[in-house]
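Residue 239 in the numbering used here sits at position 59 of the sequence shown, and the numbers go up by one each step.
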Amino acid sequence: MAGRTIEQVQEAYTDQWMALPGVVGTAIGRCEGRPCILVFAASDAERIKQKIPSMVEGYPVVVQYTGEFRALDE
């Protein structure tokens, strides 16, 4: 049986990660030339890194400090 795609893994874990204070989003990106899951942190990225594994189902997970996200005013 084949493993899940990175999109399936991201979808499976996003709600759990978004429940952590300071997490504002997730995305799929490239890290060192490989597909990875990005977790965006508005604050306290170091604390968040301690709660999120660096690898999930064979895919690297990278926490990045981004600050808060806001919609642009038109």
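Here a beta-carbon is modelled for each residue, glycine too, at the ideal position from N, C-alpha and C.
| Asked | Found |
| --- | --- |
| Just curious, the beta strand (DSSP E) that residue 186 is in, first and last residue? | Unbroken run through residue 186 is the alpha helix (DSSP H), 186-198; no beta strand (DSSP E). |
| In this structure, does DSSP put residue 221 in helix, strand or coil? | strand |
| Could you have a look at residue 227 and say whether DSSP puts it in helix, strand or coil? | helix |
| I'd like to check one pair, residue 248 with residue 153: are the Cβ atoms closer than 8 angstroms? | Beyond the ends of the chain as shown, which are 181 and 254, falls residue 153; an answer cannot be given. |
| For the beta strand (DSSP E) containing residue 206, list its first residue and its last residue. | 203-211 |
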